[in-house]
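Student: Next up is a structure, given as structure tokens.
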Amino acid sequence: MQEVYCLTRQVAASNASVLLTGETGTGKEVIARAIHELSPRGTGPFVRVNCGALSESLLESELFGHVRGSFTGAVTNRAGRFEAAHTGTIFLDEINSTSPQLQVKLLRVLQEREFERVGDTETIRVDTRVIAASNRELLDEVACERFREDLYYRLNVVPIYLPPLRARREDIPQLARHFLEIYNEENDRFVVHLQKDALDALVKYHWPGNVRELQNVIERCVVLAPGDEIDLALLPPTIRGETVGPVVPGRGGDLDSLARELVEQGLTTAAEDDDNLFERVVSRVERELIAQMLAACGGVQLKAAARLGINRNTLRKKLTEHGLEDGE
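Those letters in the sequence shown? Residues 442 to 769, per this note's numbering, in order.
Rendered as structure tokens:
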């Protein structure tokens, strides 16, 4: 992380495009904001766009704006996020989610610093720095022809990789105390002590949700702590080392029972040449896991996403893919 901080300070002084990579929850937006604030553009706008949260048509309009009548619902002219980020920085999160058609338009903005609003012929020029982020390896996406190679190299002028929290466990105590300060202030609490056994458990845990998951755990502890300290009992069972699966009425709530159900339903007796067998089984397991986690969290998507180690937008996509009813 010291290398990440050093590179962040170095690249901030330039106008070069930056590509941030790393697992979900590793702090890519934090680094993007730091690059912006340390740059000569720091007094200008910082505009964040989650490319994975919108459909292709909506994302194009969100990025580049539209003119009245360009599509159903376009009742007025509207500026896009690139215009809003003029003289500042635009942060394109989950850039790997963009379509090939939209990637062409993004490439033009990076090369020529110009574009047209949806439904318009007037060319708009902008002075906007682009920082992009992906939780997937974009070279793999290029190899699978899901991401344009020329756009990849335009974005990848300065690559910065953020390692997962499990690869930098020595940062956990300092991060935990940092989040303690934040959530004590936000909740008007005075939880200032972190018992050694609780801290040891935090350090040993594998953190699939990375820094974001740690942040959520500390917030929960601050809210629930009866006194001024966090002990082991306050931590979630998974962090304490207890294997407790979400339980849904009528189900065992563990992988063994789920596996038995798959066998009973015949998913594992398909012909050996069935190329989709693996995908079918994985999809079913994923669907059941998400359904059970939502039930265990009372249908609250933010809680379910945090426990699954994914962000809420990813969870919403999975709910749509699997035909599951949205939680509140």
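By construction, the Cβ of each residue, glycine as well, lies at the ideal position given by its N, Cα and C atoms.
#1: Nearest to Pro409 by CA position, among Val652, Ala642, Arg653 and Asp669, is which residue?
#2: I believe Val644 touches Ile601 by the beta-carbon criterion, under 8 Å. Please report the beta-carbon distance rounded to the nearest angstrom.
#3: Report yes if the C-beta distance between Thr539 and Cys492 is below 8 Å; otherwise report no.
#4: Restricting to Cα atoms, I'd like to know which of Gly750, Gly682 and Val652 is closest to Gly468.
#5: How far does the beta strand (DSSP E) with His488 in it reach, from first residue to last?
#6: State buried or exposed for Arg748, treating a residue as buried only when at least 16 other CB atoms are found within 10 Å of its CB.
#7: Where do the N-terminal and C-terminal ends of the alpha helix (DSSP H) with Arg757 fall, by residue?
#8: Rounding to the nearest angstrom, what Cα-Cα distance links Ala745 and Glu563 in this structure?
#9: Using three-state DSSP, classify Pro604 as helix, strand or coil.
#10: Give a yes or no on whether the C-beta atoms belonging to Val550 and Ser502 are separated by under 8 Å.
#11: Is it a yes or a no for the region 508 to 527 touching the region 453 to 463, going by three-plus beta-carbon pairs under 8 Å?
#12: Please list, in chain order, all residues of the same chain as Leu580 whose beta carbon is under 8 Å from its beta carbon, the five residues on each side excluded.
#13: According to the neighbour-count rule (16 or more other Cβ atoms, all chains shown, within 10 Å of its Cβ), is Arg554 buried or exposed?
#14: Starting from the N-terminal side, write out each stretch of the alpha helix (DSSP H) that is 4 residues or longer and does not extend beyond the region 503 to 588.
#15: Please confirm whether Ile680 and Val664 have their CB atoms less than 8 Å apart.
#16: Could you check if Arg509 is buried or exposed, using at least 16 other CB atoms within 10 Å of its CB as the buried criterion?
#17: How about Phe620 and Gln656: are their beta carbons less than 8 Å apart?
#18: So, for Ile751: in the same chain, excluding its five sequence neighbours on each side, which residues have a beta-carbon less than 7 Å away from its beta-carbon?
#19: Does DSSP put Thr462 in a helix, a strand or coil?
#20: Grab me the residues of Glu660's own chain with a C-beta within less than 6 Å of its C-beta, minus the 5 sequence neighbours each way, in chain order.
#21: To the nearest angstrom, how far is it from the Cα of Val689 to the Cα of Gln733?
#22: Out of curiosity, what's the CA-to-CA distance linking Asp695 and Phe487?
#23: For Ile536 and Tyr446, I'd like the C-alpha separation in whole angstroms.
#24: For Glu670, list the residues DSSP reports as bridge partners.
#25: Have a look at Asn597 and Ser455 and give me their C-alpha separation to the nearest angstrom.
Tutor: Let me lay it out:
#1: The requested residue 409 does not occur in the structure, where the chain is confined to residues 442 to 769.
#2: With 8 Å as the limit, Val644 and Ile601 do not qualify as a contact, their Cβ atoms being about 25 Å apart.
#3: With a cutoff of 8 Å on beta-carbon distance, Thr539 and Cys492 are scored as near each other.
#4: Cα-wise, what sits closest to Gly468 is Val652.
#5: Note on residue identity: the sequence assigns Val, not His, to residue 488. Note, Val488: beta strand (DSSP E), Phe487 to Asn491.
#6: It counts as buried.
#7: Residues Arg753 to Glu762.
#8: C-alpha separation (whole angstroms): 45 Å.
#9: For Pro604, the three-state secondary structure derived from DSSP is coil.
#10: When the beta-carbon positions are compared, Val550 and Ser502 stay at least 8 Å from each other.
#11: No contact exists between the region 508 to 527 and the region 453 to 463.
#12: Excluding positions up to five away in sequence, the list reads Tyr593.
#13: Exposed.
#14: The alpha helix (DSSP H) runs of length 4 or more contained entirely in the region 503 to 588 are, from start to end of the chain, 522 to 525, 541 to 553 and 579 to 584.
#15: No, Cβ-Cβ distance for Ile680 and Val664 is not below 8 Å.
#16: Arg509 sits exposed, since fewer than 16 C-beta atoms from the chains shown fall within 10 Å of its C-beta.
#17: It is a contact, given that the beta carbons lie within the stated cut-off.
#18: Closer than 7 Å at Cβ, skipping near neighbours: Thr465.
#19: Correct three-state label for Thr462: strand.
#20: If the five residues before and after Glu660 are omitted, its C-beta is found closer than 6 Å to the C-beta atoms of Tyr624, all from its own chain and listed in chain order.
#21: Note that Val689 scores a pLDDT of 43, beneath 50, so its modelled location is shaky; the value from the coordinates is reported in the next line. Distance between the alpha carbons of Val689 and Gln733 is about 6 Å.
#22: With a pLDDT of 46 at Asp695, under the threshold of 50, the predicted position of this residue should be treated as unreliable, though the coordinate-derived value follows. Cα to Cα, the separation comes out at about 44 Å.
#23: In a straight line, the C-alpha of Ile536 is about 22 Å away from that of Tyr446.
#24: According to DSSP, which records beta bridges pairwise, Glu670 is partnered with His634.
#25: When rounded, the distance between both Cα atoms is 14 Å.
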